[in-house]
Structures are given as structure tokens and as C-alpha cells.
DNA sequence: GTCTATACACTGATAGAC
DNA sequence: GTCTATCAGTGTATAGAC
């Protein structure tokens, strides 16, 4: 994204990649400096509070990155249901490749630190909330009633989190593709509470 | 479950508890011996291959435990949809309490070790598959068509995995309760592909 | 089978030269 | 701002007495 400081960014980039692959506890500071090519002194100059501070920034960065990608997939679309399906299918592609480093699993860090690093846990919780908000807003914008939109947003978030875990375990995105289909079903079902067919957005 | 050896079981029990809270990388062998009260020598006598071997057995144990609990919740029921809802609600209760030690998140270990410990990753993958099989079998037993039953089973598994992650992050089971409701919707929707209403099982 | 002492690599972090 | 040397602590694992 933005590049104000080179050394700092290299550390952050390397750390994000390593956190993705090995989690918080599995990634050492020594590994970060080795991977980024910067000496240890520089790391503690830029991040005085050490590993935890780096993780906090990495989460922030990834949260924003995914937020942007999600908006790109959702906001432009005419058909919401199709847009969500496509979005999940896009994520699936990441999990087909061996290295899905671009998509840091926030949930991974969250589970690891739930009982041990309150600040990280909290940061992850916020990421989930923000993602859910985009989902809910998109759905409401397309005519879903507020309560329904919120429940669906929570569900979509849960399904993405769960399916990425399974896909990571299985080393392919197949489960994510199944989920893409099921989300379609859920969105269609829920639609038939108020109005019937609204496949075009009503603004613009 | 079975108790053939006391020392061994104490190690295994302590390790399972710690893996739940802190994951694989976050849990040290020293911590396991401290928590279990057994000396290090005993640990390496009973588990010559060390931490990885303990984790493998812990996963096996938890997999079986959850399998039993799931069967208990699902197999007895008349109404499948209600049974699944109740099952998820039961899980939600664990996540309301501060210590949900009985429900080791297999997905946590899976994500941690996906790239680093093939044997653990594989063991977790098997757990997911077996759980999905129970779901699918239950659904097929209640008249769902095979392909639909399988897709739904995958989805329920994904939803449980995802919702436990979010619930762990939020430190309460609310998200799991939302999901319990959405699963109901999915199961109802999918039902209306072949036969219409079949709320009683056709055997017994 | 149980337990202690120990090996030795690696952890996160700091001090201080440059 | 950059880099090296080094710290105290912890990691997993082993050897060998009992």
C-alpha cells in the first residue's frame, strides 16, 4: 500500500508473510529479520515494542487490504447474490495455490492469542466487525431488511473464516467453492421475507 | 475416556487443555510437564517422539470425544433440523464460559501446522472428514438426497469451525447462536428439492 | 517405569558502537 | 538510523541414576 519508509515496510511485509504461514507463536523475531534482510537493531528501532507491535500493524494492513478487495468485488455489482458468490470464488483461487500469502488469516492470530495477547485479540475482533459491516451494508443497500442483513453478514463472515480454515487444511479451495454456492441459497431464501425479486440495485 | 495408564493420561489431558488455550506452537513441553505434574523423563518415556506425538494423540482423543457428543445430539432426534440447531446451541454454551477447554479447536492446530507439520495437518483433515460424514449420514437418513446432504454437511462443518473461531475471538457464543438459526434456514431450503415435509424419520 | 540433571539451539530483547 | 554483540530465559530433547 503506502510506502513512506523502506526498512519498516520490508520488516512489515516479511512479518505478514510469516505470520500467515506460521502464526504468531510460530514466527520468531529472528526469522523476521532474516526474511526481511534487516538487522535486529533496525527492527527494534522501528518497532520498539517488538513482535506484538509488528503483529498489530500487520493485522491492520491486512484488514484494510481485504476490505479494499471486498469492496471491489461487491460494490460494483448489479446482482448482489452473484457478487458474493464471485467474491468467495475469488478467495478460493488463493487457496488453490501453495502460497496464499496475500490472504492472512486474521482468525489464525485471533485463536492463537485469544487468551494470551488481549491487544491482538481485540484488533482481530475489530477486523471481523468491519468486514461484517461491509457485507451488511451491501445487503441493506440491495433491499434486505436490517436484521436479516446483519444475520447474513455474520453468517458470510463465519463461512469465509471456516472455509478458509478447511481449505488451508486440505490445501485447496474446494470447500470455499461449495460455500460460495450455499451462500447463494441463503441469500435467495432470506430475500423472500419482504419483496420478491430485486436483482438490480435501485440507485445510480 | 479409557484409562489404561495413569501417568500417560495425565500428560495427555494436560496437553489437550494447553493446546486448546495456546495452540501447538504456544504450548511448551515444559508447560505440559508442569501442568500435569509428571517429570520430563516420564513424558519422553511415554511419548518418545515428543510434542508432535502428544499432539497427534490429543487430536485423536478430541476427535472421538466430539464425534460421540455429536452422535448423541443428532442420532436420537426425530426432527433433524431441530437436532442440528440444538447441537450448535450446545456448542455455543461452551463458548460462553471463560474456559471452553473441553472443545479443542482442531482447526486451530490445523492452521498452525498446515505448512510445518504434515502429520498433524493430516490428522486434523481426517477429523473434519469424519465429522462431515456424521452430518451427511444423518441428513441422508432423514431423506436428503446424497449430493445435497454432502454439500450441507460440508457447510455445517465450515459454519461450526468459523463460528467457534469468531466466538473464541469475541469471548462469547453469540455468533454460534446466529449460525444455529441460519443452518435451520439452509436445511429447510434444501429440503424442498425432492420431497416436501419429512419431519419424522422413516425407520424405527 | 520414574525422576534429575543437563545439553545446547533458539527466543525476544537490549546496549552501545558506528 | 543502521548494525553487531550479547543477555537472560526458554525451547525440545537426552543420558543416566534410581
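Residue numbers (my numbering), protein chains in the order written: chain A, 1 to 204; chain B, 1001 to 1204. Here a beta-carbon is modelled for each residue, glycine too, at the ideal position from N, C-alpha and C.
Under 6 Å Cβ to Cβ from residue 7 of chain A, same chain only, skipping five residues before and after it: list those, please.
-> Against the first chain, residue 7 of chain A aligns to sequence position 7. Beyond the five residues adjoining it in sequence on each side, residue 7 of chain A comes within less than 6 Å, by CB distance, of 38 and 42 in the same chain, given in chain order.
Could you please tell me which residues of the segment 105 to 138 of chain A, in chain order, have their CB closer than 7 Å to any CB of chain B?
-> The residues in question are 105, 107, 108, 110, 111, 112, 114, 115, 116, 121, 124, 125 and 128.
C-beta atoms of residue 1127 of chain B and residue 168 of chain A nearer than 8 Å | Counting from 1 along the second chain, the entry for residue 1127 of chain B is found at position 127. Counting from 1 along the first chain, the entry for residue 168 of chain A is found at position 168. No; because the gap between Cβ atoms is not below 8 Å, this pair is not in contact.
Have a look at residue 53 of chain A and residue 47 of chain A and give me their C-alpha separation to the nearest angstrom.
-> For this step, residue 53 of chain A is matched to residue 53 along the first chain. For this step, residue 47 of chain A is matched to residue 47 along the first chain. Approximately 6 Å, taken between the alpha carbons.
Per-residue burial, residue 1045 of chain B [other beta carbons within 10 Å of its own, 16 or more giving buried] = As a working note, residue 1045 of chain B is residue 45 in the second chain. So residue 1045 of chain B counts as exposed.
Any Cβ of chain A within less than 8 Å of the Cβ of residue 1017 of chain B?
-> For the purposes of this step, residue 1017 of chain B is taken as residue 17 along the second chain, with counting starting at 1. With its beta carbon at least 8 Å from every one in chain A, residue 1017 of chain B lies outside the interface.
Interface partners of residue 1189 of chain B on chain A, CB under 9 Å = Start at 1 with the first residue of the second chain, and residue 1189 of chain B comes out as number 189. For residue 1189 of chain B, the C-beta contacts it makes with chain A under 9 Å involve 185, 186, 188 and 189, in order along the chain.
What residue from B/1134, B/1173 and B/1153 has the CA that sits closest to residue 1064 of chain B's CA?
-> Translated into the one-based positions of the second chain, residue 1064 of chain B becomes position 64. Closest in alpha carbon position to residue 1064 of chain B, among B/1134, B/1173 and B/1153, is B/1134.
Residue-chain proximity (residue 1178 of chain B, chain A), Cβ-Cβ < 8 Å = As a position in the second chain, residue 1178 of chain B is number 178, starting the count at 1. Contact with chain A is found for residue 1178 of chain B, since one of that chain's Cβ atoms lies less than 8 Å from the residue's Cβ.
Are at least three pairs of beta-carbons, each pair with one atom in the segment 1171 to 1179 of chain B and one in the segment 1081 to 1092 of chain B, less than 8 Å apart?
-> Counting Cβ pairs under 8 Å, three or more are found: they touch.
Let me know if residue 1093 of chain B comes out buried or exposed under the rule of 16 or more other beta-carbons within 10 Å of its beta-carbon.
-> Sequence index remark: in the second chain, residue 1093 of chain B carries index 93 (1-based). Label assigned to residue 1093 of chain B: exposed.
Alpha helix (DSSP H) runs wholly inside the segment 1031 to 1114 of chain B, at least 4 long, in chain order = Runs of alpha helix (DSSP H) with 4 or more residues, each lying fully within the segment 1031 to 1114 of chain B, are found at 1040 to 1046, 1051 to 1075, 1080 to 1096 and 1106 to 1113, listed in chain order.
Does the distance from the C-beta atom of residue 1157 of chain B to that of residue 1132 of chain B stay below 8 Å?
-> Residue 1157 of chain B sits at position 157 when you count from the first residue of the second chain. Residue 1132 of chain B sits at position 132 when you count from the first residue of the second chain. Yes. Within cutoff.
Helix, strand or coil at residue 171 of chain A according to DSSP, with G and I counted as helix = Taking the first chain and counting its residues from 1, one reaches residue 171 of chain A at position 171. The three-state reading of DSSP puts residue 171 of chain A in coil, since its state is none of H, G, I, E or B.
What separation, rounded to the nearest whole angstrom, lies between the Cα atoms of residue 1130 of chain B and residue 1137 of chain B?
-> Position 130 of the second chain holds residue 1130 of chain B. Position 137 of the second chain holds residue 1137 of chain B. If you take the alpha carbons of residue 1130 of chain B and residue 1137 of chain B, they lie about 11 Å apart.
DSSP on residue 195 of chain A, reduced to helix/strand/coil?
-> Taking the first residue of the first chain as 1, we reach residue 195 of chain A at position 195. The predicted position of residue 195 of chain A is uncertain, since its pLDDT is 44 and thus under 50; a value taken from the coordinates is nonetheless stated next. In the three-state reduction of the DSSP assignment, residue 195 of chain A falls in the coil class, being assigned neither a helical nor a strand state.
Inter-residue Cα distance where the pair is residue 146 of chain A and residue 1050 of chain B = For the purposes of this step, residue 146 of chain A is identified with residue 146 of the first chain, where counting begins at 1. For the purposes of this step, residue 1050 of chain B is identified with residue 50 of the second chain, where counting begins at 1. Using only the alpha carbons, I get a separation of about 52 Å.
Counting only runs of 4+ residues fully inside the segment 123 to 180 of chain A, write out the alpha helix (DSSP H) ranges in chain order.
-> You should have 146 to 170.
Is DSSP giving residue 6 of chain A helix, strand or coil here?
-> Here residue 6 of chain A refers to the residue found at position 6 of the first chain. It is helical.
Determine, using beta carbons only, whether residue 161 of chain A comes closer than 8 Å to chain B.
-> For this step, residue 161 of chain A is matched to residue 161 along the first chain. Yes, residue 161 of chain A lies at the interface with chain B (some Cβ there is under 8 Å from its Cβ).
If we cut at 8 Å on Cβ distances, does residue 1005 of chain B have a partner in chain A?
-> Position 5 of the second chain, counted from the first residue, corresponds to residue 1005 of chain B. For residue 1005 of chain B, not one C-beta of chain A is nearer than 8 Å to its own C-beta.
Got a sec? Which residues, its chain only, sit under 7 Å from residue 139 of chain A by beta carbon, not counting five neighbours each side?
-> Position 139 of the first chain, counted from the first residue, corresponds to residue 139 of chain A. 80, 149, 152 and 153.
In chain order, what residues of the same chain lie with their CB nearer than 7 Å to the CB of residue 83 of chain A, ignoring the 5 residues before and after it?
-> Locating residue 83 of chain A in the first chain gives position 83, where the first residue counts as 1. Only 73, 74 and 77 meet the Cβ criterion.
Distance between residue 58 of chain A and residue 68 of chain A (C-alpha atoms, nearest Å) | Translated into the one-based positions of the first chain, residue 68 of chain A becomes position 68. Translated into the one-based positions of the first chain, residue 58 of chain A becomes position 58. Those two C-alpha atoms are separated by around 15 Å.
For residue 105 of chain A, is the classification buried or exposed, using 16 other Cβ atoms within 10 angstroms of its Cβ as the cut-off for buried?
-> The residue given as residue 105 of chain A occupies position 105 in the first chain. Buried, because 16 or more other Cβ atoms sit within 10 Å of the Cβ of residue 105 of chain A.
With burial defined as no fewer than 16 other Cβ atoms inside 10 Å of the residue's Cβ, what is the status of residue 1003 of chain B: buried or exposed?
-> In the second chain, the residue the question calls residue 1003 of chain B occupies position 3. Confidence in residue 1003 of chain B is poor, its pLDDT being 49 and thus under 50, which makes the residue's placement too unreliable to answer from.
Cβ-based contacts, 9 Å cut-off: residues of the segment 26 to 48 of chain A near chain B | Using a CB distance below 9 Å, the part of the segment 26 to 48 of chain A facing chain B consists of 26 and 27, ordered along the chain.
Does residue 182 of chain A come within less than 8 Å of chain B when only Cβ atoms are used?
-> Your numbering for residue 182 of chain A matches position 182 in the first chain. Interface residue (Cβ-Cβ distance to chain B less than 8 Å): residue 182 of chain A is classified as such.
Closer than 9 Å at the beta carbon, the chain A residues around residue 1080 of chain B = If you number the second chain from 1, residue 1080 of chain B lands on position 80. Listed by position along chain A, the residues whose Cβ is nearer than 9 Å to that of residue 1080 of chain B form an empty set, because the closest Cβ is around 17 Å away.
Residue 116 of chain A, DSSP secondary structure in three states | In the first chain, the residue the question calls residue 116 of chain A occupies position 116. Three-state DSSP puts residue 116 of chain A in coil, outside helix and strand.
Taking the CB atoms as reference points, tell me whether residue 161 of chain A and residue 1170 of chain B lie closer together than 8 Å.
-> Looking up residue 161 of chain A in the first chain gives position 161. Looking up residue 1170 of chain B in the second chain gives position 170. Not closer than 8 Å, so no.
Starting from residue 1021 of chain B, find everything on chain A with Cβ-Cβ shorter than 7 Å and list it in chain order.
-> Counting from one through the second chain, the residue named residue 1021 of chain B turns up at place 21. In chain order: 115.
What's the gap between the Cα of residue 1071 of chain B and the Cα of residue 108 of chain A?
-> On the second chain, residue 1071 of chain B is found 71 positions in, with the first residue counted as 1. On the first chain, residue 108 of chain A is found 108 positions in, with the first residue counted as 1. Roughly 28 Å separates the two Cα atoms.
Grouping DSSP H, G and I as helix and E and B as strand, with all else coil, what is residue 1016 of chain B?
-> Within the second chain, the letter at position 16 stands for residue 1016 of chain B. Here residue 1016 of chain B sits in helix by DSSP.
Where residue 1012 of chain B and residue 1032 of chain B are concerned, what is the direct C-alpha to C-alpha distance, given to the nearest angstrom?
-> As a first step, residue 1012 of chain B is located in the second chain; it is residue number 12 there, counting from the start. As a first step, residue 1032 of chain B is located in the second chain; it is residue number 32 there, counting from the start. Between the alpha carbons of residue 1012 of chain B and residue 1032 of chain B lies a distance of about 9 Å.
Starting from the C-beta of residue 36 of chain A, find all residues in its chain whose C-beta is less than 6 Å away, skip the five residues before and the five after it, and write them out in chain order.
-> Here residue 36 of chain A is taken as the residue at index 36 of the first chain, counted from 1. Closer than 6 Å at the Cβ level, and outside the excluded window around residue 36 of chain A, lie 10, 11 and 14.
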